[in-house]
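**Q** This is the structure I want to talk about, given as C-alpha cells.
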Amino acid sequence: MIVSAVTLVTITVLIYNFAQITLKEGVENQLLGESRIRGEAVRTLFYTRIKDAQILATIPMVHSLVSELNSLKEDPNFDFKMKEKRRDFFTEVRAFRELVGYSIGLVDVKIIGDDGTVYFSLGRVEKPNFSKDPRFVRGLSQPFVELEPTSQGERVMIIVTPIFGTEGKKPIGVLIANTSTVELDKILLTRSGLGKTGEVYLVNKDGLMISESRFVKDAAFHQIVNTLPVPTCFEFGDSMGGLYSDYRGILIYSHSYCAKDLGFVLLAEKDESETFEPVQNLQNKIFLAGVVIIIVMIILAFFLSKRLSRPLIKLRDAANEIANGNFEIRTNINRSDEIGQLSLSFDAMAKKIQESLITIRQREDTIKQQQEVLLQFSEQSENYFVCFLDVIGSTKLTANLTDLESSKFYSIFLNSMAIWIGDNGGIVVKNIGDALLFYFPKTNTQDKDAIKNALEGCLKIGELNTHISQKMQQEGLPTFDYRISATYGSVRVAKIATSAIDDIFGSTVNKCAKINRFAPPNGVVIGEALYEIVKSFDSYNYRLITGVGTQEYGAVYQVTRK
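Using the working numbering, the first residue of the sequence shown is number -17, and each one after it goes up by one.
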C-alpha cells in the first residue's frame, strides 16, 4: 500500500517536472519564432514603404521640377514660379497615389528643395523651410522610416528618402511621405500564436513604446519600457530571450527581435502564469486521482487483502511502467467491483497523460518546422540570367487616362509580356509598377546554348513592340516604348511557403534595375559579367556605353544583331 502511494506521488512529480520543462522550451521556441517572423515582416514593410517612396522620388518629371526650382532661388519671381510648378507636382503625385498610394494609406507628401524650401505638399505646411529639421538633414544622406503620433491621438508612418538628380550622386532634395499604420498594426496586434496574455510591440531607442499595447490604453508614445532587451539591442545590437518582469511589473517569458538599423526592437511576450497553467491543471488532476485511488486501495485492502493482491500488483506494475515513460500501458482489469473502477480510472489517467504529451510534442514539431522554413529562406542562392523590363514615360502616358483605360493599358502590356516570357522558358517574379522582373533559371555558364537563348529572348522582347502597339491602337490607347536590361550572377532565393513562385534579390537584381535606364527604346543592355559570358557569340554586336552614371555599375554594353 505504501509502495503504491509513493509510486503515484513519484509519477505526479515526474510528470509535472517533465511537462514544465517541455512547456517552457515550447513557449521559448514559440516566442522566438513569433519575434523573428513578425520582426522580419515589420522590416519588410519598412523597406517596401521606402521603395514605394523612392518610386515617386525617381520620376523624371519630379527630378526636373526640383532641379528647376533649385536653380531659380535667386529669381525675384521665385514664389510665383513655384506656385506655377505645383500643378505639375500634383499631377505626378496624383498618378503615384492612384497607382500605389491608396494601397499603402498615403496621407501626405512633401517635396523639399536642397535648401529646405517646401516646393509641394498634399497637406498643411507647418513651416515653409525644413533646413534645420532633423528629418530633412538626415534624409539628404539616407532613406529611413519613423513612427510619430498625431494631434488626433493616432500614429503615422513617416518615410523619408533623398531625391537625386540625373547624375545620381548628389541629392537635390528630400521627399517626406506620411502613411497609415494599418498594415503595421495587422502584423503586431494579431493574436495568433500568443494565447490569452501574449502581445507583440515595438520600442524605440529612447525606451518608448511606439506601437499599441493589448493591456494599456494609449500606450503608444506614452509608455516607458526599460526591460533588458531594449539596452541589449541598442547598445550591443543583439536579440535576447528570457524570464523577467515586463513594463506592467508582471513576470513574463519574452524574446526580442533587434532592428537597431531601423531604430526599433520588437518584443514578443507571454505571461508566465499562462505558460504553466496546463501543468498546474494536470498536477491537480493527477493529485486528485491519486488521492482517490489511495483511499479506495486502503479500504479494499483492509477487507479483501488476499482477494485484492493480484489486481493490485497489476496496477502497481502499470504505474511503474508509466513512471518509466511507457504511457501506452493499460491495466485492462475486467471486474464489476471497485477494483474494476480503479482500473478504469487509472487507464483514463494514463490516456490523458499520453494525449497531453503527444500535444506538447506536436507543438514542438510545429516550431521546428517554422525554424526550418526560416533557414531555407535565408541560405539558398543561385546563379541566374536576370532581366528587367521598364516602360518609358508611363506616368505621363497614363496621366490623362481613366482608371478603366489605365487598367486595360497595363493589362495588355504586362499580360502579353508575362505570357511570352513564360512560353520561352522565363519566370516572371513580380511586376513593380509598370516594370517586370523576370529570370531564366536554366542558364548555367557552361551551357552556352541556354545563355544564347535567354539573350535572344531579350532581343525578341524589343521586337514585340510593334505587335503590342497594334493591340494598343485597336483599343484606342497610346503606344509606348520600353527598355530591357539583363545581368548574370548570384541571387538570393526566397522560398515562401504561401507562394508557388520564388522571389529573388541581391546585388545582381539591383544592378539589373539600375542599368535599365542606359538602354535605348526597345533595345537591350547587359552588365559586365554577362558580357564576359556572351562576348564570344558572333551573331551579335556589342557597343560599350559611356557617359555619366555608367561607371557606378561597371561596364554596360548595348546588344544588337549583326
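Here a beta-carbon is modelled for each residue, glycine too, at the ideal position from N, C-alpha and C.
Remember, predicted model here, so these are calculated numbers, not experimental data.
Ile335 to Arg25, Cα distance in whole Å?
**A** Translated into the one-based positions of the sequence shown, residue 335 becomes position 353. Translated into the one-based positions of the sequence shown, residue 25 becomes position 43. Between Ile335 and Arg25, the C-alpha separation is close to 42 Å.
**Q** Is the CB-CB distance between Ser113 and Asp97 below 7 Å?
**A** Stepping through the sequence shown from its first residue, residue 113 is reached at position 131. Stepping through the sequence shown from its first residue, residue 97 is reached at position 115. Yes, Cβ-Cβ distance for Ser113 and Asp97 is below 7 Å.
**Q** Would you call Ser360 buried or exposed, if buried means 16 or more other Cβ atoms sit within 10 Å of its Cβ?
**A** As a working note, residue 360 is residue 378 in the sequence shown. Confidence at Ser360 is low in this model, with a pLDDT of 48, below 50, so its placement is unreliable and the value that follows should be read with caution. By the neighbour-count rule (16 or more Cβ atoms within 10 Å), Ser360 is not buried but exposed.
**Q** Within a Cβ cutoff of 8 Å, which residues of the same chain sit near Asp485, ignoring the five residues on either side of it in sequence?
**A** Position 503 of the sequence shown holds residue 485. Same-chain partners within the cutoff: Val411, Lys412, Val475, Ala476, Ile478.
**Q** Smallest Cα separation from Val142: which of Cys369, Val91, Thr172, Arg68?
**A** For the purposes of this step, residue 142 is taken as the residue at position 160 of the sequence shown. The option with the nearest alpha carbon to Val142 is Val91.
**Q** Can you grab the Cα-Cα spacing for the pair Arg465 / Leu88, in whole Å?
**A** To locate residue 465, count along the sequence shown from 1; it is residue 483. To locate residue 88, count along the sequence shown from 1; it is residue 106. Arg465 and Leu88: Cα-Cα distance of roughly 29 Å.
**Q** Can the beta-carbon of Thr461 be found less than 7 Å from the beta-carbon of Lys493?
**A** For the purposes of this step, residue 461 is taken as residue 479 along the sequence shown, with counting starting at 1. For the purposes of this step, residue 493 is taken as residue 511 along the sequence shown, with counting starting at 1. No, they are not a contact pair.
**Q** Taking the alpha-carbon of Ile154 as reference, which of Phe62, Asp319, Leu47, Ser227 has the nearest alpha-carbon?
**A** Against the sequence shown, residue 154 aligns to sequence position 172. The shortest Cα separation from Ile154 among Phe62, Asp319, Leu47, Ser227 belongs to Leu47.
**Q** Would DSSP call Ser221 helix, strand or coil?
**A** Taking the sequence shown and counting its residues from 1, one reaches residue 221 at position 239. Three-state DSSP puts Ser221 in coil, outside helix and strand.
**Q** Who pairs with Val373 in a beta bridge, going by DSSP?
**A** Translated into the one-based positions of the sequence shown, residue 373 becomes position 391. Tyr464.
**Q** Whole angstroms is fine: what's the gap from Leu357's alpha carbon to Cys240's?
**A** Your numbering for residue 357 matches position 375 in the sequence shown. Your numbering for residue 240 matches position 258 in the sequence shown. In this prediction, Leu357 scores a pLDDT of 43, lower than 50, which makes its location untrustworthy; the coordinate-derived value is nonetheless stated afterwards. Taking the straight line joining both Cα atoms gives about 18 Å.
**Q** What's the C-alpha gap between Phe564 and Lys267?
**A** The structure shown does not extend to residue 564, since the chain is modelled only from -17 to 544, so the question has no answer here.
**Q** So what's Phe183 in DSSP terms, helix, strand or just coil?
**A** Here the question's residue 183 lines up with position 201 in the sequence shown. The amino acid occupying residue 183 in the given sequence is Tyr; Phe does not appear at that position. Taken through DSSP and simplified to helix, strand or coil, Tyr183 comes out as strand.
**Q** Taking three-plus beta-carbon pairs below 8 Å as touching, is the stretch 5 to 23 in contact with the stretch 249 to 259?
**A** yes
**Q** Quick one: grab the DSSP three-state call for Thr341.
**A** Here residue 341 corresponds to residue number 359 of the sequence shown, with the count starting at 1. In the three-state reduction of the DSSP assignment, Thr341 falls in the helix class, which pools H, G and I.
**Q** Taking all protein chains shown into account, do 16 or more other C-beta atoms lie within 10 angstroms of the C-beta of Asn498, making it buried, or fewer, making it exposed?
**A** As a first step, residue 498 must be located in the sequence shown, where it is residue number 516. Buried: at least 16 other Cβ atoms inside 10 Å.
**Q** Can you tell me which residues form a DSSP beta bridge with Val100?
**A** For the purposes of this step, residue 100 is taken as the residue at position 118 of the sequence shown. Partner(s): Ile94.
**Q** Just to confirm the assignment, what range does the beta strand (DSSP E) spanning His556 have?
**A** The structure shown does not extend to residue 556, since the chain spans only -17 to 544, so no value can be given for it.
**Q** Quick check on the DSSP output: what are the complete alpha helix (DSSP H) runs of length 4 or more inside the stretch 374 to 435, in order along the chain?
**A** 376 to 380, 385 to 405
**Q** What is the DSSP secondary structure of Leu159, counted as helix, strand or coil?
**A** On the sequence shown, residue 159 is found 177 positions in, with the first residue counted as 1. Note on residue identity: the sequence assigns Ala, not Leu, to residue 159. Looking at Ala159 - three-state DSSP - the assignment turns out to be strand.
**Q** Report yes or no: do three or more beta-carbon pairs, one from the stretch 167 to 179 and one from the stretch 56 to 66, lie closer than 8 Å?
**A** no
**Q** Please list the terminal residues of the continuous beta strand (DSSP E) segment that includes Lys252.
**A** Translated into the one-based positions of the sequence shown, residue 252 becomes position 270. It spans 246 to 253 - the beta strand (DSSP E) in which Lys252 sits, taken as one unbroken run.
**Q** Would you mind reading off the limits of the beta strand (DSSP E) that contains Asp167?
**A** For this step, residue 167 is matched to residue 185 along the sequence shown. Careful: Asp167 lies outside any beta strand (DSSP E), inside the alpha helix (DSSP H) at 164 to 171.
**Q** Nearest to Arg545 by alpha carbon, out of Gly189, Arg196, Pro293?
**A** There is simply no residue 545 to check, as the chain begins at -17 and stops at 544 in what is shown.
**Q** If you count every other CB in all the chains shown that lies within 10 Å of the CB of Ile140, and 16 or more means buried, which is it?
**A** Walking along the sequence shown from the start, residue 140 turns up at place 158. Label assigned to Ile140: buried.
**Q** On the CB-based measure, 16 or more other CB atoms within 10 Å of its CB, does Asn11 come out buried or exposed?
**A** The sequence position of residue 11 within the sequence shown is 29, counting from 1. Looking at its Cβ environment, which holds 16 or more other Cβ atoms inside 10 Å, Asn11 is buried.
**Q** Count Cβ pairs between the stretch 506 to 516 and the stretch 435 to 444 that sit closer than 8 Å; are there 3 or more?
**A** These segments touch.
**Q** Measure the beta-carbon distance from Lys187 to Gly245 and round it to whole angstroms, keeping in mind my assumption that it falls under 8 Å.
**A** Counted from its first residue, the sequence shown places residue 187 at position 205. Counted from its first residue, the sequence shown places residue 245 at position 263. Lys187 to Gly245, Cβ: 6 Å. Contact.
**Q** Within the same chain, show all residues whose beta-carbon is closer than 6 Å to that of Arg525, passing over the 5 residues directly before and after it, in chain order.
**A** The residue given as residue 525 occupies position 543 in the sequence shown. Excluding sequence neighbours, Arg525 sits near Gln540.
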